[in-house]
Amino acid sequence: MALYSEKVMDHFLHPRNVGVLDDANGIGEVGNAKCGDIMKIYLKITGEQGSETVEDVRFETFGCGSAIASSSMATELIKGKPLSEALQLTNRAVTEALDGLPAHKLHCSVLAEEAIKAAVKDYYDRNGIAYDPEQFREASCAHCHGGE
Amino acid sequence: MIYADNAATTKMSKTAIAAMLPYLDGDFGNASSLYGFGQRAKEALENARQTVADCLHADVKGIYFTGGGSEADNQALESAAMIGARKGKKHIVSTKFEHHAILHKLDQLKSRGYEVTLVDVHEDGIVRPEEIAAAIREDTCLVTVMFANNEIGTIQPIAEIGAICRERGVLFHTDAVQAAGHIEIDVEAMNIDMLSLSGHKFHGPKGIGVLYAKKGIRLENIIYGGAQERGKRAGTENIPAIVGLATALSENIAHMQENTEKLTHLRDKLIAGLSEIPHSILNGDAVRRLPSNVHFCFEGIEGESLLLLLDAHGICASSGSACTSGSLDPSHVMLAIGRPHEIAHGSLRLSLGEDFTEEMAEEVIASVKEVVSYLRGMSPVWRNLCEGKTQFLLK
């Protein structure tokens, strides 16, 4: 049996939306190099406040195969979607869309969820939009590894 | 497929398989049985023991077959610890980059009241004999230092350490799992009191190993039961595996010189080629290393994704990154030679077999260059380094 599902390998070997968005208006970065994974999400958000859309998205990831695949899948799941939906994206949804991840790799999907949230928070901060801080818990290694 | 993970395990030797077959298909007797059929197994067992003894320049009475290298390591340490305890000596000297079969057994001994000193292995991955000498105390019962490191392949000054231990009257064990069959071992000349090796690292079968213990060393059992292996390792002898181990070891040693010359050339070609990758570093001394071992760190990337992409290029290799081990920390060997976590995650080990070729070396160099560059292209760490937001740690 392979370490990863075919979906994971597909998104790892052929990552979608990889790179930088020059006109991004929300950028989030989570993880740290010491732990071995960093994810950076670039969002281009358009539309009226309250009914924005994720018009485009890119990612850059330093990390293992599942970190790259999780980033790729997460960007696919939010691209073109209403911002409110993007904010609802859970690590479970990322994992399910990838047909599962090994137990010790689940934190990679958590990182993807948190990177998107961090990018949305950055968009809110840039535009002076009020939000509930509880919705944007800081990502930390203790968080991504601690719950395993 | 290019198999460059021979430090993990090796392809079985055809000669060893041929030598094993009669004991799998036909001569299935139990070496403990009285009748002639069983005695044929006994004869094969003792011939194999003599072959292994000859390969190590050891007394045949000191050769014990075990279930593998880890078991041999455990039994050696347990035995030395109990010998020490009887004399009131409960201090052990070892190194920071031993295999986990040693380090985790040392942890267990610590929980039983033993003190352990782990000496530094320095950036070049070589233990300094004078630091071993300085670490030995009045109550030291054992020094255990690996012959060659399993990740970075550095060869330790075993004869010098052996001489120090002999002079100070301390037992000396070496985990020779990576060395046996690949570099010269002479337990007499090197003053080695105990040594562990494993069959599958030199084209023998898995699940079989050897513990050598010099005459006069009282071994403790790890497995209790029947009187096999002079009462020191219970369980019906695995004759096919024992015959396979002995055959593979003697075959490897017979071709050691030519293999060393060939592999050293290919190793150095790989090192030269991979050194062209900017912001990379060779881990371990460039010369005092196994002829088969190439080990690099590449800044800005993570090792598991590197391995998966190399696999997609048909290359089997290994890494000391945390993600490949299921643990959170990168390899203790990388940390022991002073690599920071962020560098240690991006490591690559290539361990060559005797059938490695010039063409394979060229293909590996090209693939690693391509894959490293591809992964750096999507790494935010690499971008920050290139944009000067963070400082490069490697030249």
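First to last, the sequence lines map onto chains W and F. Taking this note's numbering, I'd label the letters of the first sequence as residues 1 to 148. Taking this note's numbering, I'd label the letters of the second sequence as residues 1001 to 1395. For glycine and all other residues, C-beta sits at the position ideal for the given N, C-alpha and C.
- Here residue 31(W) carries a strand assignment [DSSP, helix/strand/coil].
- Residues of chain W with a Cβ closer than 8 Å to the Cβ of residue 1305(F) are, in chain order, 12, 63, 64, 65, 67 and 68.
- Proximity of residue 6(W) to chain F, defined by a Cβ-Cβ separation below 8 Å, is not satisfied.
- Judged by DSSP in its simplified three-state form, residue 1372(F) adopts helix.
- Interface with chain W (8 Å Cβ-Cβ cutoff): residue 1229(F) is excluded.
- Note on geometry: alpha-carbon atoms of residue 1152(F) and residue 35(W) lie some 22 Å from one another.
- In the three-state reduction of the DSSP assignment, residue 39(W) falls in the strand class, which pools E and B.
- Looking at the DSSP output, residue 1143(F) sits in a beta bridge with 1093(F) and 1172(F).
- Separation of residue 24(W) and residue 1272(F) (C-alpha to C-alpha, rounded to the nearest whole angstrom) is 41 Å.
- Residue 1285(F) is positioned such that its CB atom lies closer than 8 Å to that of residue 1124(F).
- According to the DSSP secondary-structure assignment, residue 26(W) is paired through a beta bridge with 43(W).
- For residue 117(W), not one C-beta of chain F is nearer than 8 Å to its own C-beta.
- Residues 1199, 1204 and 1208 of the same chain have their beta carbon placed closer than 6 Å to that of residue 1245(F), with the five preceding and five following residues left out of the count.
- With 16 or more other Cβ atoms inside 10 Å of its own Cβ, residue 1194(F) counts as buried.
- Put simply, the CB of residue 120(W) is far from chain F, with every gap to its CB atoms at 8 Å or more.
- The beta carbon of residue 1131(F) does not come within 8 Å of any beta carbon belonging to chain W, so the residue lies off that interface.
- At a cut-off of 8 Å, the C-beta of residue 34(W) has a neighbouring C-beta in chain F.
- Residue range 1293-1298 is occupied by the beta strand (DSSP E) that includes residue 1297(F), with no alpha helix (DSSP H) assigned at that position.
- In the DSSP annotation of this structure, the continuous segment of the beta strand (DSSP E) that includes residue 54(W) starts and ends at 53-62.
- Annotated as proximal: residue 1084(F) and residue 1142(F), with beta-carbon spacing under 8 Å.
- With its beta carbon less than 8 Å from one in chain F, residue 60(W) belongs to the interface.
- With 16 or more other CB atoms across the displayed protein chains lying within 10 angstroms of its CB, residue 29(W) is buried.
- Within chain W, not a single residue places a beta-carbon under 8 Å from that of residue 1393(F); the smallest gap is close to 10 Å.
- CA-CA distance, residue 1026(F) to residue 1206(F), rounds to 21 Å.
- At a cut-off of 8 Å between C-beta atoms, residue 18(W) counts as an interface residue with respect to chain F.
- If you look at residue 1065(F), you'll find it in the beta strand (DSSP E) that goes 1063-1066.
- The beta-bridge partner set that DSSP reports for residue 1316(F) consists of 1003(F).
- The C-beta distance from residue 66(W) to residue 105(W) rounds to 4 Å, short enough to meet the 8 Å contact threshold.
- The closest CA to that of residue 1376(F), considering only 1333(F), 1305(F) and 1098(F), is found on 1305(F).
- Taking a beta-carbon distance threshold of 8 Å, residue 1312(F) counts as an interface residue toward chain W.
- Chain F has a Cβ within less than 8 Å of the Cβ of residue 37(W).
- In this structure, the alpha-carbon of residue 1176(F) lies about 6 Å from that of residue 1196(F).
- Contact annotation: residue 8(W) and residue 77(W) have beta-carbon atoms that are not nearer than 8 Å.
- Under DSSP, residue 1209(F) forms a beta bridge with 1066(F) and 1198(F).
- In chain order, 1030, 1031, 1032, 1226 and 1228 place their CB closer than 8 Å to the CB of residue 1236(F), counting only its own chain and leaving out the 5 sequence neighbours on each side.
- Contact annotation, residue 1351(F) with residue 1331(F): C-beta distance approximately 14 Å; criterion of less than 8 Å not satisfied.
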